[in-house]
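Remarks on the structure that follows.
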Amino acid sequence: MMHGVTAMLAIRETKAEDDPFVLSCSHAGESAEIDACSARRAPLLRRLRLGGAVALGAFLDGETVGFAHGVPIEISSWGPLGEGILTLPCLYVMKKAARLGAGRRLVAAVLEVARRQRRAAVATTAYRDLAGAEWFLPAGFFESVGFDVVAERGREVLLWKRLRGDAPPPRFLEPIYQFEPVPGRVAVDLFWNGFCPTSDIEGERVRRVCAAYSSRVVLRENCAEDRAVLLEHQIPRGVFVDGREVGWGYEAPEEGIRDAIEAALCRHQPNSSGSSADGANLGRTDVRTPR
Ligand SMILES: CC(C)(COP(=O)(O)OP(=O)(O)OC[C@H]1O[C@@H](n2cnc3c(N)ncnc32)[C@H](O)[C@@H]1OP(=O)(O)O)[C@@H](O)C(=O)NCCC(=O)NCCS
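Take 855 as the starting number for the sequence shown in this note's numbering and just add one per residue.
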């Protein structure tokens, strides 16, 4: 669809009728897997709303073309950590509405909510130089709409827009993972959150694959929606097979998870040329898990 200068862009809080778009990150009806994920996310987003979270939508000539979430930092399973801040964990404008100002206005609307809630700042985690995924939450976009960089760590950039002078800055999550082997079995440590559809869908795939191995694989789940779990590990999303992280950026494919488990099972063989996984990787591992 072509949109000329007369196209009408509107930003407002989403309503029940916008749920399929927001819950699926614009992919409603594309697969049974996505729609099942939306059904699982619905109660979580309702709970977050009760805690002060908002979902804003962008509408071009009445058609939904984007959204942004604002989630109080105290209940954001994506991090970062801090006090009195509204996080902006996810923002998306469809290509067909690109560069029409929807992104800028969604951010402005989140800032407005933060002011209304008397929050000290809005913070987000974005990225630089993601090879092949330069479109993914670009830090440059947030800088061009007035955010300042708080800290950079590899390709991750923590940014904020301060609303009060006394606001303490947010902090990156600091992932803490210590592998604990299970003798004779492959251990899969799944870190997941229900806020991000990618993580939620990945979790379901990991569960399905692990279930097929029955007693040869132990699955240990860590859900970041449980605040104590998030603070203990500070890993909202990650999959570790016998202590080794596997990840694709997008949802882990079942085939990839299976391959990693098969490789780990091979390492468990007594005559395997690889080192035994039992007892390996016992040290504390600093893990960086980009979304
Ligand atoms: C980044 C994004 C939000 C921009 O939305 P948009 O509506 O096209 O942006 P706007 O038209 O409001 O642009 C506002 C400013 O940001 C800048 N900008 C836009 N896209 C940018 C990008 N990819 N990188 C750097 N700066 C960018 C523009 O220069 C613009 O300033 P200008 O109008 O003064 O030139 C959009 O491209 C997007 O949704 N990307 C994907 C984000 C994502 O990964 N979401 C899923 C997370 S799970």
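Yeah, the Cβ is synthetic: ideal placement off N, Cα and C, and Gly gets one too.
### Query
Taking the alpha helix (DSSP H) that GLY1057 falls in, what are its first and last residues?
In the sequence shown, counting from the first residue as 1, residue 1057 sits at position 203. Note, GLY1057: alpha helix (DSSP H), 1051–1066.
### Task
Report back the beta-carbon spacing between ARG1074 and ASP1043 to the nearest angstrom; my notes put them in contact at under 8 Å.
Taking the sequence shown and counting its residues from 1, the one referred to as residue 1074 is at position 220. Taking the sequence shown and counting its residues from 1, the one referred to as residue 1043 is at position 189. Contact between ARG1074 and ASP1043 holds, since their C-beta atoms are separated by about 5 Å, short of 8 Å.
### Query
With respect to 7 Å, is the separation between the Cβ of PRO1090 and the closest non-hydrogen atom of ligand 1 below this value?
Counting from one through the sequence shown, the residue named residue 1090 turns up at place 236. When distances are taken from the beta-carbon of PRO1090 to the heavy atoms of ligand 1, even the shortest one reaches 7 Å or more.
### Query
Candidates SER930, LEU945, ARG866 and ARG1009: which alpha carbon is nearest ILE939's?
Your numbering for residue 939 matches position 85 in the sequence shown. Per the Cα distances, SER930.
### Query
How should CYS1120 be labelled, buried or exposed, when 16 other C-beta atoms within 10 angstroms of its C-beta is the threshold for buried?
Taking the sequence shown and counting its residues from 1, one reaches residue 1120 at position 266. Around the beta carbon of CYS1120, fewer than 16 other beta carbons lie within 10 angstroms, which makes this residue exposed.
### Message
For the beta strand (DSSP E) containing ASP1043, name the first residue and the last one.
### Response
In the sequence shown, the residue the question calls residue 1043 occupies position 189. Start and end: 1040–1046.
### Query
What are the boundary residues of the alpha helix (DSSP H) that includes GLU997?
Along the sequence shown, one-based indexing puts residue 997 at 143. Element bounds for GLU997: 993–998.
### Same chain, Cβ closer than 8 Å to GLU937, neighbours up to 5 away in sequence not counted
Looking up residue 937 in the sequence shown gives position 83. Within the same chain, and ignoring the five residues on either side of GLU937 in sequence, the residues whose Cβ sits closer than 8 Å to its Cβ are ILE927, GLU928, ALA974 and PRO1022.
### Query
Between the Cα of GLU1079 and the Cα atoms of VAL1093, SER1069, PHE1045 and PHE1094, which residue gives the shortest distance?
The count along the sequence shown starts at 1 and reaches residue 1079 at position 225. Across the set VAL1093, SER1069, PHE1045 and PHE1094, the C-alpha of PHE1045 shows the shortest separation from the C-alpha of GLU1079.
### Query
What residues sit near ligand 1, counting only those whose C-beta is closer than 6 Å to one of its heavy atoms, in chain order?
The set, ordered by position in the chain, is CYS944, LEU945, TYR946, VAL947, ALA952, ARG953, LEU954, GLY955, ALA956, GLY957, ARG958, TRP989, PHE990, LEU991, PRO992, GLY994, PHE995, SER998 and VAL999.
### Message
For the structure I just gave you, are there three or more beta carbon pairs, one from the region 998–1006 and one from the region 948–955, closer than 8 Å?
### Response
Result no; under three Cβ-Cβ pairs closer than 8 Å.
### Status (buried if at least 16 other CB within 10 Å, exposed otherwise) for PHE990
Locating residue 990 in the sequence shown gives position 136, counting from the first residue. Burial call: exposed.
### Query
Could you give the distance in angstroms between the alpha-carbon of GLN971 and the alpha-carbon of ALA861?
To locate residue 971, count along the sequence shown from 1; it is residue 117. To locate residue 861, count along the sequence shown from 1; it is residue 7. Here the alpha carbons of ALA861 and GLN971 stand approximately 31 Å from one another.
### Query
THR918: which of GLU1086, GLN1088 and ALA870 sits nearest, CA to CA?
Taking the sequence shown and counting its residues from 1, the one referred to as residue 918 is at position 64. Nearest C-alpha to THR918: ALA870.
### Task
Please go through the same chain and pick out, in chain order, the residues whose beta-carbon is closer than 6 Å to the beta-carbon of ASN1135, but skip the five residues on each side of it.
As a working mapping, residue 1135 is identified with position 281 in the sequence shown. Any reading at ASN1135 is ruled out, since the residue's pLDDT is 35, under 50, leaving its predicted position unreliable.
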